[in-house]
Ligand code: AMP
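This is how it looks when you write it as structure tokens:
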């Protein structure tokens, strides 16, 4: 496994890796790797001849009052984990390498980027699409692997790839959860023992929605109100949003008549967590 710091070297190695027609798979991450990331890596390993992972805490997707500075960084242990999974190339550039001084070029998926997390985190998805587009240019992957955990991110990247005709196939991998249901996230490390318990309310409320749906409820307002009730009963948790939307356009749906995304975000203490489920009539 090779750890690469510069764009030019990564680009040269990726070109060489594909020169015999090999399929190159890319797993973009912000590091502090956990089982969620590793499930993407394992799927990439199965579906590609060569696997490249990237570790980059992307400053442009964090708001001014968000956790960029304290976001967990663990390059040495990440490197060991990726080596064990048989990854060939790890790209871990510096901020200066990815954003040359005076960089003013952005990739923006209009409309979709203002929905769901984009509403409460202005500029977040612009940062995501810009960095992912850059990584696609540098690596030139045939396949790129993303987690359903970030369902809006998936929709926005798929739209970017379609709109810009990028020659890459997006593969979406299921949410990996802890045994009690909490979706695994690098930010779970911020939770105190008490908050860790309270955080279960996200999964619990989505499970409630799933059950109501299975018993015949199709009205989005009723499903949303059930979630709000569940969260309100957890005093240390503040709901940011819960929405029922089309998984591709992220437009609100008033009723669940086709495959529909239920997405939520909530603050558990100071930590903002997200989760979602897809309802399939
Ligand atoms: P991050 O490092 O948080 O930017 O995540 C990198 C990738 O891992 C994204 O595509 C995430 O959706 C995915 N990911 C993070 N947590 C999980 C999880 N619990 N299950 C599945 N994928 C995940």
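In the numbering used here, the protein residues as written are 5 to 285.
Idealized CB from N, CA, C, for every residue including glycine.
- Per DSSP, residue 276 is one residue of the beta strand (DSSP E) stretching across 275-283.
- If you compare the alpha carbons of 70, 138, 163 and 176 with that of residue 128, the shortest gap goes to 70.
- For residue 9, there is no enclosing alpha helix (DSSP H), as DSSP gives it neither H nor E.
- Pairing residue 246 with residue 217 gives a Cβ-Cβ distance that is not under 8 Å.
- Pairing residue 270 with residue 257, the inter-Cα distance amounts to about 21 Å.
- Membership of residue 173 in the beta strand (DSSP E) is indicated by the continuous run 173-177.
- In this structure, the straight-line span from the alpha carbon of residue 156 to that of residue 22 is close to 30 Å.
- DSSP, read as helix, strand or coil, puts residue 94 in strand.
- For secondary structure counted as the beta strand (DSSP E) over 3 or more consecutive residues, the segment 91-155 holds these complete runs in sequence order: 93-95 and 147-151.
- Closest option to residue 136, judged by alpha-carbon separation, among 119, 58 and 237: 58.
- Annotation for residue 121 indicates a beta carbon at 7 Å or more from all heavy atoms of the ligand AMP.
- Annotation for residue 217: the continuous alpha helix (DSSP H) segment containing it runs 204-218.
- Residues of the same chain with a CB within less than 8 Å of the CB of residue 46, apart from the 5 flanking positions on each side, are 89 in chain order.
- For residue 36, no alpha helix (DSSP H) segment is defined, and its DSSP state is neither H nor E.
- In this structure, residue 182 keeps its C-beta atom at 8 Å or more from the C-beta atom of residue 174.
- The three-state reading of DSSP puts residue 16 in helix, counting H, G and I together.
- With respect to residue 142, residue 15 sits close: the two C-beta atoms are nearer than 8 Å.
- The residue among 130, 60, 180 and 224 with its C-alpha nearest the C-alpha of residue 278 is 180.
- Between residue 229 and the set 220, 240 and 212, the nearest pair of CA atoms involves 212.
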